[in-house]
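Heads up: the structure comes next, in structure tokens.
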Amino acid sequence: MLWRELWHMRGQVLAIAVVIAGGVATLVMSLISYAALDSTRDAFYRDHRFADLFVELTRAPESLRLRLEAIPGVQHVESRVLGGANLDVAGFDDPATAILLSLPDGRNSELNRLHLLNGRLPEPGRDHEVVAYDSFAEAHALQPGDRLGAVINGRQRTLEIVGIALSPEFIYHVRPGDLFPDFERHGVLWLNRSALAAAQEMEGAFNSAALTLRRGAREREVIDEIDRLLAPYGGHGAISRDDQLSHRYLELELEQLHSLAVLFPAIFLAVSAFLLNVVFSRLITTQREQIALLKAFGYSHLAVAGLYLRMVVVIVALGSLLGSLFGLWLGSLLAELYRTFFRFPAMEFGLPPQVLLIGVAVALAAGLSGAALALRRAATLPPAEAMRPEAPPNFRPTVVERLGLQRHFSQPTRMILRNIERRPLKALLTVLGIAMACGILTVGRFQDGAISHLITVQFGLSQRADLTVTFSEPRPGRVLHELEAIDGVWLAEPTRAALVTLYNGHRSYRTVVEAIPAQSRLHRLLDDQLLAVEPPDEGLLLNDFLATTLGAGPGDTITLRFMEGRRDEVAVVVAGVIREYTGAAAYTTVAQLNRWLREEMTLSGAMLAVEDGHHDAVVAQLKELPAIAGVTDRHSAIRSFYDSMVEIMLTFAFFSTLLAGSIAFGVVYNSARIALTERARELASLRVLGLTRGEVGYILIGELALLTVLAIPVGFLVGVGLIALIVAGIESDLYRVPLIIEPSVFVFAGLLILVASALSALIVLRRVRHLDLVEVLKTRE
Amino acid sequence: MHDQPDSRKREAVFQIEAVTKVYRMGEVEVHALRGVDLELLAGELVVLLGPSGSGKSTLLNILGGLDTPTSGRVLCRGHDLVAASEAELTRFRREAVGFVFQFYNLIPSLSARENVAIVTEIARQPMAPEEALQRVGLGDRLDHFPAQLSGGEQQRVAIARAVAKRPELLLCDEPTGALDSATGIVVLEALEQINRELGTATVIITHNAGIAEMADRVIHFADGHIVSDERNPVRKRPHELSW
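Chains as they are written, first to last, in my numbering: chain A, 1 to 781; chain B, 1001 to 1243.
Next comes the structure, spelled out in structure tokens:
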């Protein structure tokens, strides 16, 4: 009987199972890719001894390493030399830069050990040998044996790649200040310490260190001690893993996965609980007599409920099976996507049995809670009562009609309205179910528009330089004239950036103060209305993220402590708050920052506007200039970002459309199917009385159509809520996705819901054709 | 007081000639009608008697445009129902026939008035729903919903709904089958009164031979054909019937 019943309502069983499968699939997918990413990262960190603390400084004698190691709580210190280079890659005209890091001569490092994928480490005494970071090598198809031109500390060198490697320090690698990775234009190279020290004039000294902590060490105290010790040597302040860029990105990614693992399955399973409730309530109503008969034969209440319980379990099991398989497949796809994105040598991909257990348990809990009320009714139905058909339902004119609008409604419309009003909870849940689908659709589509908006604002309205030049060390103001003199540069503006820590009461934040000229044309600061704000002559502008983090607003006085130069502390007034979607920077004028740093007109970089058609020539000339640490071409960075994002956004949109479609179909099909069984007799009677198929179809589908139309605006609200939740969840100092939803997102979501509803309605409407008109003359319900 | 109607002067509303109906139930052929000839005249009240499976319901379905015969001709005022399309049959039911079902088949979400209105809204020359309900004695129950009405009242609403379109033919399938005798008589009174006042040709299918005495004409059905077709000399009023 169990299987016959299930087969009889196979359409509905399948529709519910698909929704359950959607929930289980997203749950399993998120959990296993989370587990895979988490354990892969941990294993990679462990195997390659990823450091706990990092510090950069101007220059300290090597002997200081031992004093760092003597700090209580510190286990191991590795000193190193850090530098930068402008690269000349054969066949690539754009400016490319690299971070240079030292390796102990002829050996792998103690901490942040390289994972060699190909080739070998530089041999002792071979100063031109380097190991290249995998992503950079891949972007240029570089192999061991290939050569690179490099300008290091103003001197032209030729380097030979001898190995390709990964490093736990650069799992996610972006150029400082950039939003997105650009593997073509930015890389990491490792070379022998003696070679790099010679090039950087760092013999017997170091300017970077990585540290590990003993178990139980107090990180905060160690950092304070390191900072105190390194202050005379130009220490920039030690940072923990939590502030290490690559680690932070990974953390953010894991957090997103985690919220995905909660949010989407919750929606799916809530909808499937509702569907099970509706379907089983109906089933038990139609099978009253059968239930009574079973009870009359001596089946206990529990046994009868058990019969239906087994049906629920079978449906949940079917959904869980489908969902687990699909989730496993999706999870392996996602894990592979992460592996290539983060360039892990191998993914520790497994299927923890608890993931499946969690998936099935959650689905079962949702299924049972959904069906619980219906099952209770089956269990408690007294046999004698069950033998009698259910009393005709009570109806009355609806509120709308009692308001005096009744005469405007035809009888079929009144039927629709009264049916909705008689079961308001069911109508509400139907609306919510469809609204959820609509909400998921808006979530699936909003990123494209939001990120376009981010880029338009950040790189169109605000940052307008064609090229941004960074010097390897602060330069006198006259350098600007040299840049202006380059043929094709029609405007050059100075920038000065300084590493600082800002304090407001007990809150503090490490960041940069970026100085731009007053009335800059190449970098405009924008307020929350996107109107230009001038950097103040006195005081500081904070971007919105920084202002919130510090809890400071216009008029507040905060303390600014420089982490370079003379390390002065100054009290400054917050002149205003600006809107930025990236970074957590503070702004002032170049003149003001020069005054704070007690220096003459000095710049650390420049923004250039380049005439059309002169881009390549300008870049070529910049490469020749000494002391230029890097040249950023924002347009190409944005292009490469778009290229890499398009696939991800399309994939996400595709899956969310598929999942939302399955919810919409599940809800509408089931509701229509149940409406048809509930009202088959009524509808057939009306057909006998001479109503056409269309008129009868209107009565059947009108209710759902009305609920669907009501659900769409609710769905937009749900979508906005979900998007706000997601946007808040991924907000970080690195970037904030604006809560901007293009109207087209709503249009698409609304239309898709209408189409999915119309399709499921059509499937049910086809059955109206087969209503047995003769039968209704005979039977009573 | 009840004159025997003079059949020769009346025009035929329905003409049925050599109608057969064969159902296929799996491997077996069921001959529900085996050649039926019948003329229904305007204004006459016909009671169709016969045991279950005798074919009377099949005939009623064919008369009502719910089913088509396997062979033979069915004409309603000259219109051929056999060749009619699905849409034409729907229009035929909408305009020409009124149905009264054994289990009333009212729409629970509509009041008595609205149950009638749903049909009058789509009919060509209907009477007002209030008038139809007035005629079956429910003028004071217009805004009651089915759940608030007794079985007999529900069936009278169904009769009002069936006649409000002013049909050519009123088809009643066991109209008192679900009612006790006292209530049944009230319902039959309503049918008789409608037939008398509006002159609607009425066919009542029943097991109950007692009802036959209120008819102008009594047709006995067995094994898919008519075994007798007799006219009552006198048409009794329903309250005179013995049940």
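Beta carbons: idealized from backbone N, C-alpha and C, even for Gly.
The beta-carbon of L1142(B) is placed no less than 8 Å from the nearest beta-carbon of chain A. The C-beta distance from F716(A) to S1109(B) rounds to 31 Å, too long to meet the 8 Å contact threshold. A straight-line Cα-Cα distance of about 53 Å links I674(A) and P1233(B). Residues of the stretch 665–683 of chain A with a C-beta atom less than 9 Å from some C-beta of chain B are R681 and E682, listed in chain order. Beta-bridge partners assigned by DSSP to G119(A): G163(A). Under the 8 Å Cβ criterion, the stretch 1172–1179 of chain B does not count as touching the stretch 1126–1141 of chain B, having fewer than three qualifying pairs. Distances from the CA of F655(A) to each of R510(A), A437(A), L293(A) and V774(A) were compared; the closest alpha carbon is that of A437(A). Per the C-alpha coordinates, the member of L722(A), G23(A) and A60(A) positioned closest to V443(A) is L722(A).
Taking 7 Å as the cut-off between beta carbons, none of the residues of the stretch 1031–1042 of chain B comes near chain A.
Legend: CB atoms of the stretch 408–430 of chain A lying less than 8 Å from CB atoms of chain B belong to residues S410, Q411, P412, R414, M415, R418, N419 and R422. Among the residues facing chain B, G690(A) is included, as its CB has a counterpart in that chain under 8 Å away. In this structure, L603(A) keeps its C-beta atom at 8 Å or more from the C-beta atom of T470(A).
The beta-carbon separation of Y338(A) and S33(A), rounded to 7 Å, stays under the 8 Å limit for a contact. Between V774(A) and D1223(B), the gap from beta carbon to beta carbon reaches 8 Å or more.
When rounded, the separation of the alpha-carbon atoms in R1231(B) and S281(A) is 53 Å.
Here V1082(B) carries a coil assignment [DSSP, helix/strand/coil]. Between I239(A) and L53(A), the C-beta gap is smaller than 8 Å, which places the two residues in contact. For G163(A), same chain residues with a beta-carbon under 7 Å away, outside a window of 5 residues either side, are L116, N118, G119, R120, L121, V131 and P144 in chain order. At a C-beta separation below 7 Å, L773(A) has these neighbours in chain B: L1066.
Checking the DSSP bridge columns, you'll see C438(A) has no partner listed. A residue is called buried once 16 or more other Cβ atoms fall within 10 Å of its Cβ, and D182(A) is buried on that count.
If you check the CB distance, L704(A) and S671(A) come in under 8 Å. Around the beta-carbon of G298(A), fewer than 16 other beta-carbon atoms lie within 10 Å, marking it exposed. Scanning T1020(B), V1028(B) and A1032(B) for the CA closest to the CA of R1073(B) turns up T1020(B). Annotation: the continuous beta strand (DSSP E) that includes T1020(B) extends over A1012 to M1025.
Annotation for L57(A): N207, L230, Y233, G234 and G235 place their beta carbon closer than 6 Å to its own, counting only its chain and skipping 5 residues before and after. The count of Cβ pairs closer than 8 Å, one atom from the stretch 303–317 of chain A and one from the stretch 363–381 of chain A, reaches three, so the stretches are in contact. Check the Cα spacing between G154(A) and each of M563(A), L625(A) and I699(A): the tightest is with L625(A). Along the stretch 564–588 of chain A, the beta strand (DSSP E) occurs as fully enclosed runs of 3 or more residues at 569–578, listed in sequence order.
Distance from the Cα of G1050(B) is smallest, within the candidate group I1122(B), I1204(B) and R1237(B), for I1204(B).
Secondary structure in the stretch 1085–1109 of chain B: the alpha helix (DSSP H) runs of 4 residues or longer, each lying completely within the stretch, are 1086–1095 in chain order. Taking a Cβ-Cβ cut-off of 8 Å, the neighbours of R396(A) in chain B comprise F1145, given in sequence order. In the three-state scheme derived from DSSP, where H, G and I count as helix and E and B as strand, D47(A) is classed as helix. Excluding five sequence positions before and after Q463(A), the CB atoms of its chain that fall closer than 7 Å to its own CB belong to H523 and R634, given in chain order. When Cβ pairs closer than 8 Å are counted between the two stretches, the stretch 610–618 of chain A is seen not to touch the stretch 554–571 of chain A, the count staying below three.
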